[in-house]
Every structure is written in structure tokens, then in C-alpha cells.
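In the numbering used here, the protein residues as written are 10 to 87.
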């Protein structure tokens, strides 16, 4: 039933991966998105490098942020 029990853990965005995400990749394609439009991919420890390199190779601006246990981004001052 909807609204009961624990929320589903957020899973990795890599095709075929169902692992729990521990990273959030915020990115955009400047050819089609304004600076305000940011897309989000989630990544597990195994796929963070692959997904980050996939986007970086295309020259997309991106930021990688660790997720807290509750699934929220953990932003540092750096």
C-alpha cells in the first residue's frame, strides 16, 4: 500500500544496476538546457566513475555530491 513502510532506497542510474546510490551527479547539456535546468543521475560506488566520465567526455558541466543516509545531498563548503 502506498505511504506505508520504509521508503524505497534510491538506486543507481547506470543501466542494469539496482545497487543503492551513494552519489548524486548534477549535470546539464548547455546546448539545450539553461543554467537553471539541472538533471540528476544517481550512482553507486561501482558506477560513479563511469557515469562521471560519460558526462565529462561530452563537456557537460557537472557536480558530484555524496548522499547522506537519508538520501539528501551532503554539501561541503569546498
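Where is the CB? At the ideal position from N, CA and C, for every residue including glycine.
Computed from a prediction, not measured in an experiment: that's the story for all the values here.
The C-beta separation of residue 71 from residue 22 comes to about 13 angstroms, leaving the pair out of contact by the 8 angstroms criterion.
Going by beta carbons, residue 51 and residue 36 fall outside the 8 angstroms limit. Taking the CA atoms as reference points, residue 46 sits about 25 angstroms from residue 18. Counting along the chain, the unbroken beta strand (DSSP E) around residue 35 starts and ends at 32 to 36.
DSSP places residue 46 in the coil class of the three-state scheme, outside both helix and strand.
Looking at the DSSP output, residue 20 shares a beta bridge with 29.
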